[in-house]
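Taking it in order: structure first as structure tokens, then the write-up.
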Ligand code: CA
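Shown next as structure tokens:
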């Protein structure tokens with residue numbers, strides 16, 4: 001069974017927050033409630049949620065300011081944020097989206113609309129979260145059976161390497177900083193050194209054999225999985241002549 005997506009609800013009006021939480025729980029999500037920006041920061045520092053529902057008007061620091069600051073940090077910049085607000089002005093909407101919100105919902109909203117928007121944001125952020133199989137070139141990863149295949153051959157990949165590979169394949173061609181990989185694959189990087197990523201990348205390359213060349217080191221930036229990496233790595237020989 002899939003883990004319930006963790007939703008951080010940042011909303012100072014307790015009645016609204018409770019109502020949202022009850023509805024989220026009934027629909028298979030795992031909500032955490034906080035009532036101000038300070039508590040929201042603490043939660044996010046402790047563990048990255050899958051999505052944040054962020055009220056615009058909070059006591060003290062506003063939701064817009066909070067969204068902006070999360071977007072400026074490597075660790076938090078990719079968290080999906082859905083802004084909640086009583087404002088319906090178009091210019092406010094633009095300001096919210098400029099601050100880094102993925103979407104925007106105006107109070108009062110129906111549960112149905114909220115859930116639809118949450119699902120849409122999650123889908124956009126992780127377009128293949130619902131798919132069990134990911135393919136890049138000849139490399140195929142299946143999360144339902146926990147199998148990795150390359151050109152018809154099954155490869156033995158350890159559990160951490162599997163998660164790492166899954167993330168790299170879902171986001172193929174993109175460069176991932178070590179810190180970002182720690183957050184996405186290990187969940188939280190507070191107690192793990194970035195060097196750990198290098199160790200697992202090395203193991204993953206070994207496990208992939210020839211396909212290991214698909215994982216490129218991007219100097220000073222991190223790692224990237226690319227279908228192109230393979231071509232240059234296949235040695236040209238009598239058995240494998242250059243085209
Ligand atoms: Ca409020």
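Residue numbers (the numbering used here): 1 to 243. For each residue, glycine too, the CB sits at the ideal point set by N, CA and C.
Check whether residue i and residue j have beta carbons under 8 Å apart
i: residue 99; j: residue 68; result: yes
i: residue 194; j: residue 178; result: yes
i: residue 54; j: residue 82; result: yes
i: residue 164; j: residue 181; result: yes
i: residue 203; j: residue 158; result: yes
i: residue 5; j: residue 114; result: no
i: residue 24; j: residue 7; result: yes
i: residue 170; j: residue 134; result: yes
i: residue 21; j: residue 33; result: yes
i: residue 106; j: residue 85; result: yes
i: residue 79; j: residue 48; result: yes
Close-in-space but distant-in-sequence residues of the same chain around residue i (CB under 8 Å, 5 per side omitted)
i: residue 218; result: 175, 224
i: residue 198; result: 178
i: residue 120; result: 103
i: residue 37; result: 10, 58, 60, 61, 62, 63, 65, 66
i: residue 221; result: 175, 177
i: residue 216; result: 223, 224, 225, 226, 229
Cβ neighbour criterion (16 or more within 10 Å) applied to residue i
i: residue 26; result: exposed
i: residue 124; result: exposed
i: residue 117; result: buried
i: residue 145; result: exposed
i: residue 250; result: This structure cannot speak to residue 250, because the chain is shown only from 1 to 243.
i: residue 43; result: buried
i: residue 192; result: exposed
i: residue 50; result: buried
i: residue 10; result: buried
i: residue 94; result: exposed
i: residue 28; result: exposed
i: residue 108; result: exposed
i: residue 96; result: buried
Chain-order list of residues whose beta-carbon lies under 6 Å from that of residue i (same chain, five-residue window excluded)
i: residue 167; result: 184, 185
i: residue 227; result: 136, 137
i: residue 143; result: 132
i: residue 35; result: 12
i: residue 71; result: 77, 100
i: residue 140; result: 149
i: residue 212; result: 205
Cutoff 7 Å; reference residue i; Cβ partners in own chain excluding five residues on either side
i: residue 147; result: 154
i: residue 151; result: 138
Worksheet item: Which residues have a Cβ closer than 5 Å to any heavy atom of ligand 1, listed in chain order?
Response: Taken from the N-terminal end onward, the list reads 12, 55, 57.
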